[in-house]
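To start, the structure itself, in structure tokens.
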Amino acid sequence: MELEKIYSQYSELVKKNNNIESEMFEKYNVKRGLRNADGTGVLVGLTEVGDVHAYIMDEGEKIPVQGRLRYRGIDIFDLVKGFMGEKRLGFEEACYLLLFGELPKKEELDNFNKLLGSRRELPNSFTEDMILKAPSKDIMNKLARAVLASYSYDDNPDDTSVENTLRQCIDLIARFPTMAAYGYQAKRHYHDGQSLFLHSPKPELSTAENILHMIRADSSYTRSEVEILDLLLVLHAEHGGGNNSTFATRVVSSSGTDTYSAIAAAIGSLKGPKHGGANIKVMQMMEDIKANVKNWADEGELSDYLVKILNKEAHDGSGLIYGMGHAVYTLSDPRGVVLKRKAQELAKETGNEEEYNLFTLIEKIAPDVFARVKRSDKVVSANVDFYSGFVYKSLGIPHELYTPLFAISRIAGWSAHLLEEIINGGRIIRPAYKNVLGKVQYKPMKDR
């Protein structure tokens, strides 16, 4: 208790001496969060990897439009339609596209799949020493540590040439599923008291197939489950250079540090509930709504409870309807549009139509509730996190793996941006902060 009291006093001191008035940010025209006053992002770089288009600026006015997402210039709708129309899995193809800038021919994709398959196994003793001996309750924490530990198992970790960085990135793309799955199994065993299952990855299986194979005790899965999980991986693989975790990758790598340090920083960013952890927040909110709204089909009752959530009178007191609205998208999030269709199909297959209908009803009424309560004309729509948690739950995937699955997917985009930064960056990213405290006179000990 004495130690708690000490830290409590220290905390008050920290708060007292780190409180900058909001007017100061306005006075110096500070772009808080690297956002302009109209909510648009401050332009800090150029990229050819991903393109997120969500609005049009017309004479200084932000005009909402339907969201668009492109990987290397290819619309995400066309990419998904392409591989699903041919009854193929698409994540490995998306990885190839993001890394190399063009769609692979069949032989090129086959060779790339073989390369990934040959690199899925973790190095000798890695599982025992780096995962099982230090299990974590949070799999994102375990994943970050596993990435940092990979430095010690690399014979050439500090070489930041394109060739060596590409080798490291491909290894990480291949091994992320194994690291996350084993981290989850260790958590189940050492923290939850469950049996320990460690299934070796199979080189002939896709990323989605290996994930289901390694996280399930019986290694079983259906083709439908694989296709839906594969789609989720494709949709999360890239989202432009400005999202927090990708920007973290670029910032850290611009210092000239190693690949593992840059990717571990990205994982740390994605772990946050304002970024990759949002889908868990959505599911927690939905459980709260289901427990407190008697008639899930009653718009009035549901609307009243959403008002309570926005007024910080219900759920976690954050005042947020998780999964609604996005930092960039306005009228729609294209990833959410695609995922909603699959969520409906999955709901029918699994008998979860009542819960799916609850999601769609909230999506329908939340924008109006938001406008009334906040007295705002800001356009909000469902983002990809709104339906991804529902899909994961329907697949029987434990909530501990929701955000790690995001990382397993986004490592493709991080890698592409890391390579682009190495090739085109050249300067350490170093924005400015203005000191507004002014000069303070030093006082001798006796005068304090």
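Note that numbering that gives the first Met the number 0 has the sequence shown beginning at 0, numbered continuously upward. We treat Cβ as the ideally placed atom computed from N, Cα and C, and that holds for glycine. No experiment lies behind these values; they were computed from the predicted model shown.
Buried or exposed: T248, going by 16 or more other Cβ atoms within 10 Å of its Cβ? buried
Is the CB-CB distance between S244 and S268 below 7 Å? Cβ atoms of S244 and S268: closer than 7 Å.
C-beta contact flag for G335 and N382 at 7 Å: yes
From Q343 to T221, what does the alpha carbon distance come to, in whole angstroms? 18 Å
CB-CB under 8 Å to P366, same chain, minus the five flanking residues each way: which ones, in chain order? M323, V378, V379 and S380
For R69, I'd like the list of residues in its chain whose CB is within less than 6 Å of its CB, leaving aside the five on either flank, ordered along the chain. D50
Short check: CB of Y181 to CB of T126, under 7 Å? yes
Once you ignore the five residues that flank V372 on each side, which residues in its own chain have a CB closer than 8 Å to its CB? V306, L309 and N310
Name the DSSP bridge partner or partners of Y54? P63
May I have the straight-line CA-CA distance separating K273 from V43, to the nearest angstrom? 21 Å
Residues that DSSP places opposite L68 in a beta bridge: V51
Considering just the uninterrupted stretch of the alpha helix (DSSP H) at I308, what are its terminal residues? E298 to L309
Which partner residues does A381 have in the DSSP bridge list? M323
Is it right to say K341 is buried, meaning 16 or more other beta carbons lie within 10 angstroms of its own, or is it exposed? Buried.
Check whether the Cβ atoms of A36 and V327 sit closer than 7 Å, and answer yes or no. Using a Cβ distance threshold of 7 Å, A36 and V327 do not count as a contacting pair.
Kindly indicate which three-state DSSP category R34 falls into: helix, strand or coil? In the structure shown, R34 sits in a strand (DSSP, three-state: E or B).
Looking only at its chain, what residues have a beta carbon closer than 6 Å to the beta carbon of S149, apart from the 5 residues adjacent to it on each side? Y259
Is the stretch 203-215 touching the stretch 156-167, taking contact as three or more C-beta pairs under 8 Å? no
Throw me the rounded Cβ distance for the V48 and G240 pair, which I believe falls under 8 Å. In this structure V48 is in contact with G240, their Cβ atoms being roughly 7 Å apart against a cut-off of 8 Å.
First and last residue of the alpha helix (DSSP H) that includes T258? From DSSP, the alpha helix (DSSP H) with T258 extends over T258 to L269.
Could you name the residues that DSSP lists as bridge partners for G40? R34
Measuring straight from C-alpha to C-alpha, what distance separates F405 and M139? 10 Å
Taking only the alpha-carbon atoms, compute the straight-line gap between G89 and S414 and give it to the nearest angstrom. Rounded to whole angstroms, the separation of the alpha carbons of S414 and G89 is 18 Å.
Since N351 and S393 are thought to touch, with beta carbons under 8 Å apart, how far apart are those beta carbons, to the nearest angstrom? 6 Å
Can you have a look at G59 and say buried or exposed, based on whether 16 or more other CB atoms are within 10 angstroms of its CB? exposed
Which same chain residues end up closer than 7 Å to I461 when comparing Cβ atoms and leaving out the 5 residues on each side of it in sequence? No answer is possible for residue 461: it lies beyond the span of the chain, which begins at 0 and ends at 447.
Distance between G425 and H190 (C-alpha atoms, nearest Å): 45 Å
When burial is assigned at 16 or more other CB atoms within 10 Å of the CB, is R409 buried or exposed? buried
Quick check: the Cα distance between I172 and D315, rounded to an integer number of angstroms? 35 Å
Given this structure, state the Cα-to-Cα distance separating Y391 from F175, to the nearest angstrom. 18 Å
Beta bridge counterpart(s) of I523 as assigned by DSSP: Outside the shown range of the chain, which is 0 to 447, sits residue 523, and nothing can be said about it.
Bounding residues of the alpha helix (DSSP H) (the contiguous stretch that carries G116): Its alpha helix (DSSP H) spans residues K105 to S117.
Let me confirm a value: V13 is counted as buried when at least 16 other C-beta atoms fall within 10 Å, else exposed. Which label applies? exposed
When the Cβ atoms of the stretch 212-220 are set against those of the stretch 13-26, are three or more pairs found closer than 8 Å? no
Assuming contact is defined by CB atoms lying nearer than 7 Å, are N294 and E300 in contact in what I supplied? Taking 7 Å as the Cβ cut-off, N294 and E300 qualify as a contacting pair.
For A93, does the count of other Cβ atoms within 10 angstroms reach 16, so buried, or fall short, so exposed? buried
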